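There are 2 protein chains.
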Amino acid sequence: MSKLDKQSGKKPDKQLDRKVDKMKQDYSIRELAKEFDVTTRTLRFYEEKGLLNPSRSGQTRVYTMADRTRLKLILRGKRLGLSLDESAEIILMYDPVGTNSKQILSLIDKIQDKRLQLEQQQKDLELTLLDLEAAEQRCSESLSRIH
Amino acid sequence: MSKLDKQSGKKPDKQLDRKVDKMKQDYSIRELAKEFDVTTRTLRFYEEKGLLNPSRSGQTRVYTMADRTRLKLILRGKRLGLSLDESAEIILMYDPVGTNSKQILSLIDKIQDKRLQLEQQQKDLELTLLDLEAAEQRCSESLSRIH
DNA sequence: AATTACGTTTACGTTAACGTCAACTTTAAA
DNA sequence: TTTAAAGTTGACGTTAACGTAAACGTAATT
Chain W
1338 MSKLDKQSGK KPDKQLDRKV DKMKQDYSIR ELAKEFDVTT RTLRFYEEKG
1388 LLNPSRSGQT RVYTMADRTR LKLILRGKRL GLSLDESAEI ILMYDPVGTN
1438 SKQILSLIDK IQDKRLQLEQ QQKDLELTLL DLEAAEQRCS ESLSRIH
Chain L
1338 MSKLDKQSGK KPDKQLDRKV DKMKQDYSIR ELAKEFDVTT RTLRFYEEKG
1388 LLNPSRSGQT RVYTMADRTR LKLILRGKRL GLSLDESAEI ILMYDPVGTN
1438 SKQILSLIDK IQDKRLQLEQ QQKDLELTLL DLEAAEQRCS ESLSRIH
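Read top to bottom, the protein sequences are chains W and L. Residues 1338 to 1484, numbered by the working numbering, are exactly what the first sequence covers, in order. Residues 1338 to 1484, numbered by the working numbering, are exactly what the second sequence covers, in order.
Printed below as a string of structure tokens:
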């Protein structure tokens, strides 16, 4: 029996289970933490910062698919070296917050800025990879000379 | 008159100026800071951490071309989201520190690790760029609908 | 002689992103 | 019913990467 069942009740409800298992809907804080290899403290912290906002069942947090997705984006951002605020900004870019054309235009500007920054990162990445390849090459040559 | 001239003396020394301007050799802390848009505090901090080690003229720091290069690499690392320690590690990978094959093999391992990490970053970068492009697209469509 | 410009060291302050208790509640199991 | 497991909210601690300020030296300019 899955943890989800544990949460929603003891005996699985056949009525609801019929076609609704198309995708896991809700997650406990532990589940999510485990899946993404972060601590629960981290998840609470992200919530405190407004990056996640799970609903509550009593006072217990219940994470939805949307939260999971945002968490994924945050962690992706981290791997890129972005700060939480930067990731938050980017996530906001993904869904249309502004409704009037002035806001949309400003959003487009911000998107362009980020793109430029990320493209610079791409260049830096490639340079670094090239350097590493060269270093590896030299190592190999050293080895063959030793042998 | 360049700052270099200021440093070496008031009147440019014809003797030394003859062919020695093939490349700027030394930099004051201000020059380097200005060129890379960091503060002098930052340069001293990097030195404290062992990332740079300028020679001294009296107690005044004199940065060489080697320092400049390392600084460049450090800042490149920063743009990738690397910590100073990580950048330091990478820089160490660039020149052969170990002489025996065991050390070299371990270095190769570390290089591979970094490469894997950076390649993961590349993937994340591309995904993020794709997301941003899509977001930009949606913005444009919103605009055209408004118009 | 006094100011200005650049350099130095020492040391405390700051922000981000959590870690690490502590003290407590609620639910599930033995 | 006691215990164990997972949840909660504070609140203080920690590390990295500098910022900022104090107190001082030196050298050139006014």
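Glycine residues also receive a C-beta, built at the ideal position from the N, C-alpha and C atoms. Given the structure is predicted, the values throughout are model-derived calculations rather than measurements.
When the options are compared against residue i, the one with the closest alpha-carbon
i                : options                               : result
L1408 of chain L : L:L1464, L:L1444 and L:F1382          : L:F1382
H1484 of chain L : W:R1378, W:L1442 and W:L1388          : W:L1442
L1438 of chain W : L:R1378, L:P1433, L:S1477 and L:T1376 : One point to set straight first is that residue 1438 of chain W is Ser, not Leu, in the sequence displayed. Out of L:R1378, L:P1433, L:S1477 and L:T1376, L:S1477 has the C-alpha closest to the C-alpha of S1438 of chain W.
E1456 of chain W : L:K1451, L:L1469 and L:Q1449          : L:L1469
Q1449 of chain W : L:T1465, L:E1423, L:D1450 and L:K1451 : L:T1465
Q1440 of chain L : W:T1377, W:E1473 and W:R1378          : W:E1473
Interface residues of chain W facing residue i [CB-CB closer than 8 Å]
i                : result
S1430 of chain L : Strictly speaking, residue 1430 of chain L in this sequence is Met, with Ser absent from that position. Here the neighbours are L1469 and A1472.
Contacts that residue i makes with chain L (C-beta to C-beta distance below 7 Å)
i                : result
D1461 of chain W : R1413, R1416 and L1417
L1466 of chain W : R1452 and L1455
L1444 of chain W : C1476
Range of the contiguous beta strand (DSSP E) that encloses residue i
i                : result
T1397 of chain L : T1397 to V1399
S1486 of chain L : Not covered by the structure: residue 1486 of chain L. The range shown for chain L is 1338 to 1484.
Inter-residue Cα distance where the pair is residue i and residue j
i                : j                : result
R1398 of chain W : I1427 of chain W : 25 Å
L1300 of chain L : K1415 of chain W : The structure shown does not extend to residue 1300 of chain L, since chain L spans only 1338 to 1484, so no value can be given for it.
K1460 of chain L : Q1454 of chain L : 10 Å
A1403 of chain L : D1374 of chain W : 40 Å
E1368 of chain W : T1436 of chain W : 36 Å
A1471 of chain W : L1389 of chain L : 22 Å
L1353 of chain W : P1391 of chain W : Interpretation of L1353 of chain W is limited by its pLDDT of 31, a score under 50 that renders its predicted location unreliable; the figure taken from the coordinates is listed afterwards. Taking the straight line joining both Cα atoms gives about 22 Å.
Q1458 of chain L : G1395 of chain L : 44 Å
Q1362 of chain W : K1447 of chain W : 33 Å
L1417 of chain W : G1418 of chain L : 6 Å
S1479 of chain W : R1413 of chain W : 37 Å
D1358 of chain W : M1430 of chain L : Note on D1358 of chain W: pLDDT 42, under 50, position unreliable in the model; no value is reported.
V1434 of chain L : E1384 of chain L : 20 Å
L1467 of chain L : R1475 of chain L : 12 Å
L1380 of chain L : S1481 of chain L : 50 Å
Y1400 of chain W : E1372 of chain W : 13 Å
A1370 of chain L : L1462 of chain L : 29 Å
S1365 of chain W : R1393 of chain W : 10 Å
D1422 of chain L : I1411 of chain L : 10 Å
D1432 of chain L : A1425 of chain L : 12 Å
Residue range of the unbroken alpha helix (DSSP H) whose run includes residue i
i                : result
S1479 of chain W : S1438 to I1483
S1424 of chain L : L1421 to Y1431
K1371 of chain L : I1366 to F1373
G1418 of chain L : Careful: G1418 of chain L lies outside any alpha helix (DSSP H) and carries neither H nor E.
T1379 of chain L : T1377 to E1385
Amino acids of chain W, ordered along the chain, whose beta-carbon sits closer than 9 Å to that of residue i
i                : result
R1438 of chain L : Note that residue 1438 of chain L is Ser in the sequence shown here, rather than Arg. Those within 9 Å of S1438 of chain L in chain W are S1479, L1480, I1483 and H1484.
Chain L residues whose Cβ lies nearer than 9 Å to that of residue i
i                : result
Q1458 of chain W : R1416, L1417, G1418, Q1458 and L1462
I1441 of chain W : C1476, S1477, S1479, L1480 and I1483
8 Å Cβ cut-off: residues of chain L touching residue i
i                : result
I1366 of chain W : Residues of chain L passing the Cβ test: none, with the nearest at roughly 25 Å.
heavy atom of the ligand FMN below 7 Å from residue i C-beta
i                : result
K1409 of chain L : Of the ligands one can find in the structure shown there are none, so the ligand FMN has no counterpart to examine.
Members of the stretch 1385–1415 of chain W that neighbour chain L once the beta carbon cut-off is set at 7 Å: Taking 7 Å as the Cβ-Cβ cut-off against chain L, the residues of the stretch 1385–1415 of chain W that qualify are R1413.
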